[in-house]
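What the sequence shown shows, in the working numbering, is residues 1071 to 1148, in sequence order.
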Amino acid sequence: MAPGLLNSAAAAGGIYFLSLALRTPAVGVGYTVWAGSGAVGTVLLGAVVRQERITTMKPASFAAILRGVIVLKLAAGA
């Protein structure tokens, strides 16, 4: 029961912080940042908690997410 409650609280917290983050930027930029940070955080947490290897493709993927956010932000401002 405790894992389910923790999961529900984390999901509610995530949605709450997403709503705060979407007050200023365009929805596409805000959601991309939110989803991208979740993906990066999951990989880093897996490396710390489960000793998963961070291969060369993972940082390259992080860089691709960052480039995508920058391009979306530039497109939103245009």
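A virtual CB, placed ideally from N, CA and C, is assigned to each residue, including glycine.
Residue interval of the alpha helix (DSSP H) (run including residue i)
i: Pro1073; result: 1072-1091
Reduced DSSP category for residue i - H, G, I as helix; E, B as strand; rest coil
i: Thr1102; result: helix
i: Ile1135; result: helix
i: Pro1095; result: coil
i: Ile1140; result: helix
i: Thr1112; result: helix
Distance, residue j Cα to residue i Cα
i: Arg1123; j: Leu1115; result: 11 Å
i: Leu1092; j: Tyr1101; result: 8 Å
i: Ala1133; j: Ile1085; result: 25 Å
i: Phe1087; j: Thr1125; result: 30 Å
i: Ala1082; j: Gly1108; result: 14 Å
Same chain only: Cβ atoms within 6 Å of residue i, ignoring 5 sequence neighbours per side
i: Ala1096; result: Ala1146
Same chain, Cβ closer than 8 Å to residue i, five either side skipped, listed in chain order
i: Thr1112; result: none
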